[in-house]
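This is the structure:
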């Protein structure tokens, strides 16, 4: 260990920073780097020099930034030999992966917000960064402004995390919140979200759960010290959630939330899933509204921690990028890199069929004697124990001469494969009308 | 930057770790180091070797740990030249400060939980650590298991924090929670807390707010990049909170909480205060029960973040210590230290008299015509605008022939010095019986 003398930041050569992407997040990052230069220099111990901003199309608004910085040749930018840090906020898999690997190969540290890329190809990127001796930081990839990556990666690294559960996608939380508070159906709530900028023109990544699954994979890899990829995550979006589900949830004292649920079992195997779920109204997650995110972490020594904050948006995401930027810059000044990944545990992944949780099963049935008993017998035959039953008349449709009832059964803890067997058998029965709807129940 | 090859942890010499203190926290730390050795080795990249545990008295239960490790000569232990890390969980100012400085001087990195020492003498310790090139980490000093130091120190370091507000002392939160839920008065609630181990035999540090003030000073120093000492913090404990206050708070739709409030103003000056306060029942802080802590952080880009979790206790505090231990150990393995302090900002401290907030003022007055008008006039004369007034008869006492009324006035935002002037004038008036009680109101 050396005795260190304080160095005047002005005497050091500035750190050269390249920015890939200048959209909602990138433009805010560029603004902060420019406008907060003095504070940043003081905090880092060295100046930052933004040397290039790669964008798709140079025919654009430069937003007050120096037009000379902009280039549409991202490959040339990351191939420079003099970059200290590359900030990647353009997203997507290709050509972004190639650009990041090129930057690493040329000795630049990386700050990224790219959950999809990390969930799919994190291993290759971390390996490249570690062997090249550069940093790869990614707080902005999960839960926007909420510091969750750093706590999982560094604060809880002396502890044993057993459960992570949370709301990590602002778009779906906003949509479900709208459906809950206004009674809107999914399509109308999605349209409203798009109108307000909470959902993309193509909302697939959010509403089909790909975004949440990528974030869940990243968090699971950190929390359980074992490689989990996006493809390993059981994924179910919210496109099948109806206003009937919302009404039924309220009747049962719950709300519908899009959750990421990450658990280890006593043998140390890991299950990771994202799907809509009923959550009791009294649960702290139930009150997380709009585009906010919230994450519960349970561990051996710390007990139960909760983190909450804005999960998306230009400024919140930029906050996370800037925190990583300062950290990585401080490392560059001292000629070091932070610790790399810790993925030694090689835990087994629990197949979804083996996962145990609680379920709400809703079916339309002909309202005749014996139907309830028959339905209940199916549950019993598959070892699924029912906790509560709610039966009420369905809204009659024109031309229908049958009396239809809606049966809602909430189960105790049950195994997924058993529950799916119940569903298949119910759907085969002559008393069932339409399909069987299932929502998992968490936090109860 | 070097290209790094992975190193087999077993081939490296273990890192030598000394533990100062083996109480509730220290014993859990020692247990985790011993029982989780394999996981820790994998996460650090090197083994840890606990080489000594300094305690006050060797005539004690060794709790399953190797008795050979124990010593009552802490000074000799920290004077060794071969220590990598010293964990300080003994607390207090002296001789702890001397021990920590000695350890630093001999080249050991420090992990501490000592909020009192850091709030009083942080500057000297950080300066010593930085010039010696060793780490000084202190997550366990603030808010138990909740990662708050690391987010303030590293995650939000590219952002501009404007407000930090929270419950950071589990003892006082437990006592006030008891008073609220059971109607107990302060003395009985304190006795119950002591019985259950939530309060010390000598509870002064907690109930008089010294503990909260030290934590507030540490958080303010991190959040605002400026030196704030414990003595700079306006401090008021909870010993004057009565069950009348609790009842009145409920009547006004609030609860009484012991808060730390840290703010910057538009000129960048800083105010830091700890005191009991009314908080609206709908505010998230209002539902933080028992010995839990919760901290709100508001910043320019991130918006509003909340962190919540166990604020005290052996295992929660040990979790924070272990996170720092692994981080510091990883640094030692790579021959580096983390960034030191960032306290360049030299902000002015706002005197308490200039602080603005809302107030609940409660006085007993003779129930006679003109008293309310006279009281209201005093507020007006000192520029304190009243939002709501509640007047009700006081409970009559034996032998009293006067009719006494309780006047409760909630103000709009007002300046502390103006409010104190109002209080002094009210106390001088002949219509006032007893003293004037004041509770600040936050989050409304």
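Residue numbers (the working numbering), protein chains in the order written: chain A, 25 to 468; chain B, 25 to 468. Beta carbons are placed, not taken as given, at the ideal position from N, Cα and C, and that holds for glycine.
Can you look up residue 455 of chain A in the DSSP assignment and give me helix, strand or coil?
coil
I'd like the list of long-range same chain contacts for residue 370 of chain A, defined as Cβ closer than 7 Å, with 5 residues on each side in sequence excluded.
250
Helix, strand or coil, according to DSSP, for residue 25 of chain B in the structure here?
Reliability of the predicted coordinates at residue 25 of chain B is poor, the pLDDT of 42 falling under 50, and no value is obtained from them.
Could you spell out where the beta strand (DSSP E) holding residue 162 of chain B opens and where it closes?
Here residue 162 of chain B belongs to no beta strand (DSSP E), and DSSP marks it neither H nor E.
Backbone secondary structure at residue 67 of chain A - three-state DSSP:
In the structure shown, residue 67 of chain A sits in a helix (DSSP, three-state: H, G or I).
Just the C-alpha distance for residue 413 of chain B and residue 444 of chain B, rounded to the nearest angstrom, thanks.
18 Å
Contact list for the stretch 358-383 of chain B against chain A, Cβ threshold 8 Å:
358, 359, 360, 361, 363, 366, 368 and 369
Give the straight-line distance between the Cα atoms of residue 406 of chain B and residue 466 of chain B, rounded to the nearest whole angstrom.
In a straight line, the C-alpha of residue 406 of chain B is about 21 Å away from that of residue 466 of chain B.
How about residue 204 of chain A and residue 270 of chain A: are their beta carbons less than 7 Å apart?
It is a contact, given that the beta carbons lie within the stated cut-off.
Rounded to whole angstroms, what is the Cα-Cα separation between residue 432 of chain B and residue 172 of chain B?
37 Å
Where does residue 326 of chain B land, buried or exposed, given buried means 16+ other C-beta within 10 angstroms?
buried
Is there a C-beta anywhere in chain A that falls below 7 Å from the one on residue 178 of chain B?
yes
Along the chain, where does the alpha helix (DSSP H) that runs through residue 234 of chain A open and close?
234-248
Should residue 119 of chain B go down as buried or exposed, given a rule of 16 or more other Cβ atoms within 10 Å for buried?
Exposed, by the Cβ-count rule.
Taking only beta carbons into account, state which residues of the stretch 327-349 of chain B come closer than 7 Å to chain A, listed in chain order.
Residues passing the 7 Å Cβ filter: 327, 328, 329, 330, 331, 332, 333, 334, 339, 340, 342, 343, 346, 347 and 349.
Closer than 7 Å to chain A by CB, residue 27 of chain B
Reliability of the predicted coordinates at residue 27 of chain B is poor, the pLDDT of 47 falling under 50, and no value is obtained from them.
Do we get a CB-CB distance below 7 Å when we pair residue 182 of chain A with the residues of chain B?
yes
What is the rounded straight-line gap between the Cα of residue 193 of chain B and the Cα of residue 169 of chain B?
Computed Cα separation, rounded: 12 Å.
Flag residue 175 of chain B as yes if its beta-carbon sits less than 7 Å from any beta-carbon of chain A, otherwise no.
yes
Identify which residue in A/164, A/42, A/64 and A/368 has its Cα closest to the Cα of residue 97 of chain A.
A/42
Cβ-Cβ distance between residue 240 of chain B and residue 284 of chain B below 7 Å:
The Cβ atoms of residue 240 of chain B and residue 284 of chain B lie closer than 7 Å to each other.
Of all Cβ atoms in chain B, is any one closer than 7 Å to the Cβ of residue 104 of chain A?
no
Should residue 421 of chain B be labelled buried (16 or more other beta-carbon atoms within 10 Å of its own) or exposed?
exposed
Classify residue 407 of chain B as helix, strand or coil using the three-state DSSP reduction.
Correct three-state label for residue 407 of chain B: coil.
DSSP on residue 426 of chain B, reduced to helix/strand/coil?
In the structure shown, residue 426 of chain B sits in coil (DSSP, three-state: anything other than H, G, I, E or B).
Measure the C-alpha to C-alpha separation of residue 287 of chain B and residue 411 of chain B and round it to an integer number of angstroms.
Looking at the backbone, the Cα of residue 287 of chain B and that of residue 411 of chain B are separated by about 23 Å.
Excluding the five sequence neighbours on either side, which residues of its own chain have a C-beta within less than 7 Å of the C-beta of residue 191 of chain B, listed in chain order?
So the qualifying residues of the chain are 197, 281, 282, 283, 309, 312, 317 and 318.
Taking 7 Å as the threshold (C-beta atoms), are residue 156 of chain B and residue 350 of chain B in contact?
No; because the gap between Cβ atoms is not below 7 Å, this pair is not in contact.
Out of curiosity, what's the CA-to-CA distance linking residue 459 of chain B and residue 387 of chain B?
7 Å
Closest Cβ-Cβ distance between residue 67 of chain A and chain B: below 7 Å?
yes
Residue 439 of chain B versus chain A: which residues are under 9 Å apart at the beta carbon?
Per Cβ cutoff of 9 Å: no residues; residue 439 of chain B is ~29 Å from chain A at best.
CB-CB length for residue 134 of chain B against residue 112 of chain B, believed under 8 Å
6 Å
Should residue 244 of chain A and residue 231 of chain A be called a contact, given that it needs their Cβ atoms to be closer than 7 Å?
no
Hey, is residue 372 of chain B close to the ligand ADP, as in C-beta under 6 Å from one of its heavy atoms?
Annotation note on the ligand ADP: not contained in the displayed structure, which lists no ligands.
In angstroms with no decimal places, state the Cα-to-Cα distance between residue 256 of chain A and residue 374 of chain A.
So the alpha carbons of these two residues sit roughly 10 Å apart.
Relative to chain B, which residues along the stretch 109-125 of chain A have a C-beta separation below 9 Å, given in chain order?
Taking 9 Å as the Cβ-Cβ cut-off against chain B, none of the residues of the stretch 109-125 of chain A qualify.
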